[in-house]
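Here the structure comes first, spelled out in structure tokens, and everything after it is commentary.
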Amino acid sequence: MISTSCTHNLISILAIFSLVAVCTDSARVKRQGFLYHQQPVLAPAPIHGIAAHHPGLAVVPVRKPKPSEHKQDLSKVPGTPGVDFPLFHDVPPTNFHCGQVPAHPGIYANVETGCQAYHICHDGREGHQGASFLCPNGTLFNQHEFACDWWYNVNCAEAPKLYSLNLDPLKNPYAPKPKKEEEPAVAPAPHLNPYHEPQYYPHRR
């Protein structure tokens, strides 16, 4: 019969071996840089998505972009961002509709975005707002010039009055250009040489 002291010693030895095994597994997992979901001796953060249903998959940390990656250097842009010109990173939802413009295809400044956004309305395949684009920060879409221009050169409030410029094929870069009128073909005048000697042909009998 095993004595009580031997039993306590045996339990202590088993506890030490278990602790060593846990520490070894923990160090191995830490060195690998990821964590397995099925490790019973660890308490990882809750896992969601595919890895939650597949314990054998490794959980790889997702890299988050640094705040500086979203910032643009506007030190060389004249004016105050958000005051003198809008500062959008994506085209926001607005009430612009290609069904309310005078010509298709055409390019139109979006007044609701301060003219930083503009739309190309064509055949409707891009939706009711057409293909949407943003001018670079510090510039606005100049409806008169059909191009992005410095904000201080653009009067955004007048843009809707200039939408009709899309009817002019010489202004609208997407409108078919008129063909040049073909001049009537004129036969070239015969070359007359006043010093040309007459040619004589033998008389045929």
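Count the sequence shown with mature numbering (1 follows the signal peptide of the UniProt record, and there is no 0) and you get residues -26 to -1, 1 to 179, in order.
Backbone N, C-alpha and C fix where the C-beta goes; we use that ideal spot for every residue, glycine too.
The beta strand (DSSP E) that contains residue i, what's its start and end?
{"i": "TRP125", "result": "Note, TRP125: premise wrong, no beta strand (DSSP E); not H, not E."}
{"i": "TYR137", "result": "Unbroken run through TYR137: none, as it is neither H nor E."}
{"i": "HIS93", "result": "91 to 95"}
{"i": "residue 180", "result": "It is not possible to answer for residue 180, since the shown part of the chain is limited to -26 through 179."}
Between the options, which has its C-alpha nearest residue i's C-alpha?
{"i": "PRO55", "options": "CYS130, TRP125, GLU155 and ALA149", "result": "TRP125"}
{"i": "PHE62", "options": "ALA149, GLY88 and PHE70", "result": "GLY88"}
{"i": "TYR92", "options": "PRO152, VAL65, LYS153 and HIS118", "result": "VAL65"}
{"i": "PRO134", "options": "GLY98, PRO143 and PHE120", "result": "PHE120"}
{"i": "GLN103", "options": "GLU86, ASN129, LEU139 and LEU114", "result": "GLU86"}
If we count the other Cβ atoms within 10 Å of its Cβ and call it buried at 16 or more, is residue i buried or exposed?
{"i": "GLY101", "result": "exposed"}
{"i": "ASN69", "result": "exposed"}
{"i": "PRO150", "result": "exposed"}
{"i": "GLN90", "result": "buried"}
{"i": "PRO60", "result": "buried"}
At the level of alpha carbons, what is the spacing between residue i and residue j?
{"i": "ALA83", "j": "ASN127", "result": "14 Å"}
{"i": "GLY73", "j": "GLY112", "result": "29 Å"}
{"i": "TYR148", "j": "PRO79", "result": "6 Å"}
{"i": "ASN140", "j": "CYS95", "result": "11 Å"}
{"i": "ALA77", "j": "ASN146", "result": "10 Å"}
{"i": "CYS109", "j": "ASN129", "result": "15 Å"}
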